[in-house]
Amino acid sequence: LVGELKKRGLEYVELLRSTRETRETAGALGNVLKYLADPSSPKKLATVYKVWRRRDRDDDEAKKQLAWVARRLSKCRRVEDFVWPRVDRDWLAGLEMADDFPDIHERLESFRFLVRRWQGATLLPVDQLILTLAQDLFEEPADLAVAHKLAGVLRRMSESHPDWRLPELVEELAIVARNERRFLGLSADDRGFEPERHRGQVVVATVHKAKGLEWDRVYLMSVNNYDFPSGLPHDQFISEKWFVRDGLNLEAEALAQLEAILAEGSLGIYEYEQRDVTQEARLEYAAERLRLLYVGITRAKKELIITWNTGRRGDLQPAVPFIALQTFWEEEGVGSKE
Numbered sequence: 160l161v162g163e164l165k166k167r168g169l170e171y172v173e174l175l176r177s178t179r180e181t182r183e184t185a186g187a188l189g190n191v192l193k194y195l196a197d198p199s200s201p202k203k204l205a206t207v208y209k210v211w212r213r214r215d216r217d218d219d220e221a222k223k224q225l226a227w228v229a230r231r232l233s234k235c236r237r238v239e240d241f242v243w244p245r246v247d248r249d250w251l252a253g254l255e256m257a258d259d260f261p262d263i264h265e266r267l268e269s270f271r272f273l274v275r276r277w278q279g280a281t282l283l284p285v286d287q288l289i290l291t292l293a294q295d296l297f298e299e300p301a302d303l304a305v306a307h308k309l310a311g312v313l314r315r316m317s318e319s320h321p322d323w324r325l326p327e328l329v330e331e332l333a334i335v336a337r338n339e340r341r342f343l344g345l346s347a348d349d350r351g352f353e354p355e356r357h358r359g360q361v362v363v364a365t366v367h368k369a370k371g372l373e374w375d376r377v378y379l380m381s382v383n384n385y386d387f388p389s390g391l392p393h394d395q396f397i398s399e400k401w402f403v404r405d406g407l408n409l410e411a412e413a414l415a416q417l418e419a420i421l422a423e424g425s426l427g428i429y430e431y432e433q434r435d436v437t438q439e440a441r442l443e444y445a446a447e448r449l450r451l452l453y454v455g456i457t458r459a460k461k462e463l464i465i466t467w468n469t470g471r472r473g474d475l476q477p478a479v480p481f482i483a484l485q486t487f488w489e490e491e492g493v494g495s496k497e
């Protein structure tokens, strides 16, 4: 959604777990660290090149060059032949350059120098490694500030988990990049968000983050039977995977059995009363989502627009509360009353 707003030149404010810029910075650093954790992977090397030249995506001609180089790097059978070539094994020297891209060779030499520098920096503590990468990847003060904060986060994670190596620390960056963890301290909303200060701008927020706030007009999106289920047979639930027998909620089932063990006071023989734990979890989750939908609805002071979508597979349906509200609106003629 934020990408579409940006593409159309509309002013927006993010009120999410972390801002788009923070996620992009974390994603860029994470992709480089993934390669450094697996330096023999040509695909990861190609991804690092795209991170390094990410500004090229804004220009059509430069974007073609970026794609051309990335394809060839991803097919480099021996990455060391590019990064650390020998006289008889030099991937770059043997690369056939396209006539349309005369400066590619020079760019790849600069890229090779950086990759060598980054590989050498893997001997440093993880926070110093992050700062080294940031100096070469970012120019904007905000990006450098995010990188500095991420470096501190990973340093603390490394101290808390001495057995963790680069792959485990990379996953922490991936969590931030996927917007699964709140990343505090760098945005205005961390100090308290005031809607009146952003009049005329689109505020993109989760319902959780919108608690206690109000706007003249509110759009509630994705009000379908996956995001807002009601415990009915046709509903779909985030905790139930398609490949699990009978669509069981494994987390709920495991917790129920653990509670039964603890109730017996012994890890020996215990009696487990069979019950429909998955259905109980469904109803509990549906109640929680219904309360959340109410919170979203009551954020609107004047106008409320609710939409639903069919999802990636096209099999989702409107949520039951959505249908109930629509039926009430049509039968009572609420829309025609002042």
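My numbering runs 159 ahead of the 1-based position in the sequence shown. Where a beta carbon is used, it is the ideal one built from N, C-alpha and C, also for glycine. Everything numeric in this text was worked out from a predicted model, so none of it was measured.
Compute the beta-carbon to beta-carbon distance between Thr181 and Val305, rounded to the nearest angstrom, for a pair I have assumed lies under 8 Å. 5 Å
Cβ shell of Met316 (< 6 Å), same chain only, five flanking positions each side left out: Glu331
Count the other CB atoms, across all protein chains shown, that sit within 10 Å of the CB of Gly253; report buried if there are 16 or more and exposed otherwise. exposed
Sorted by chain position, which residues of the same chain lie with C-beta nearer than 8 Å to Ile263's C-beta, five sequence neighbours on each side aside? Gln224, Trp227, Val228, Met256, Ala257
Quick check on the DSSP output: what are the complete alpha helix (DSSP H) runs of length 4 or more inside the stretch 367-420, in order along the chain? none
Go through its chain and collect everything with a Cβ distance to Val172's Cβ below 6 Å, but skip five positions before and after it. His357, Gln360, Val362
Alpha-carbon to alpha-carbon, Leu452 and Val377: 12 Å
Can you tell me whether Glu255 is helix, strand or coil according to DSSP? coil
From Gln438, Ala187, Leu463, pick the residue whose C-alpha is nearest to that of Thr206; which is it? Ala187
Measure the beta-carbon distance from Asn383 to Ala478 and round it to whole angstroms, keeping in mind my assumption that it falls under 8 Å. 6 Å
Within the chosen definition, does the stretch 287-304 reach the stretch 184-201 through at least 3 CB pairs nearer than 8 Å? yes
Using beta-carbon positions only, say whether Leu204 and Leu232 come within less than 7 Å of one another. yes
State the beta-bridge partners of Ala364 as determined by DSSP. Leu174
Every unbroken beta strand (DSSP E) inside the stretch 270-349 [3 residues or more]: none
Is Lys203 helix, strand or coil when you go by DSSP? helix
Can you tell me whether Thr437 is buried or exposed? The criterion is at least 16 other CB atoms within 10 Å of its CB, across all chains shown. buried
Contact set for Pro198: own chain, Cβ-Cβ below 7 Å, skip 5 residues either direction: Val238, Gln278
Measuring alpha carbon to alpha carbon, tell me which of His367, Thr469, Thr466, Lys460 ends up nearest Leu450. First, the amino acid is wrong: residue 450 is Arg here, not Leu. Selected option, being the one with the closest Cα: His367.
For Glu489: DSSP bridge partner residues: Partner(s): none; Glu489 has no beta bridge.
Touching or not, the stretch 382-396 and the stretch 465-479, by the rule of three or more beta carbon pairs under 8 Å? yes
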